[in-house]
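Trainee: Before we start, here is the structure in question, set down as C-alpha cells.
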C-alpha cells in the first residue's frame, strides 16, 4: 500500500512487471534469474493493509 504517492506497480528493467496469475515455485539458488513477474498477493490491497497493521502492532511493543 503506497501512502505517500500513487502506486504504479512493480518495476523491472524500466518497465512495469506483468502479473503472473499462476506462478511456479522458485527454487532459489538453482535459477540464475528468477522470473520478473508479480504474483497476485504482492499487489493485493487487503494483504498490504493487514501487513501494515501487523507491522504497526509489532513496532508498538
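Residue numbers (my numbering): 54 to 114. Beta carbons: idealized from backbone N, C-alpha and C, even for Gly.
1) Less than 8 Å separating the beta-carbons of residue 88 and residue 74?
2) Starting from residue 98, follow the alpha helix (DSSP H) in both directions and report where the run begins and ends.
3) Residues in its own chain within less than 7 Å of residue 115 by CB, not counting five upstream and five downstream?
4) Closest to residue 95 by CA distance: which of 86, 113, 72 is it?
5) Taking the C-alpha atoms as reference points, what is the distance between residue 109 and residue 101?
Mentor: Here's the rundown:
1) Taking the first residue of the chain shown as position 1, residue 88 is located at position 35. Taking the first residue of the chain shown as position 1, residue 74 is located at position 21. The Cβ atoms of residue 88 and residue 74 do not sit closer than 8 Å to each other.
2) The residue labelled residue 98 in the question sits at position 45 within the chain shown. Its alpha helix (DSSP H) spans residues 98-113.
3) In the structure displayed, the chain extends from 54 to 114; residue 115 sits before or after that span and is not available.
4) For the purposes of this step, residue 95 is taken as residue 42 along the chain shown, with counting starting at 1. Of 86, 113, 72, the residue nearest in Cα terms is 72.
5) Residue 109 sits at position 56 when you count from the first residue of the chain shown. Residue 101 sits at position 48 when you count from the first residue of the chain shown. If I take the Cα positions, the gap works out to 12 Å.
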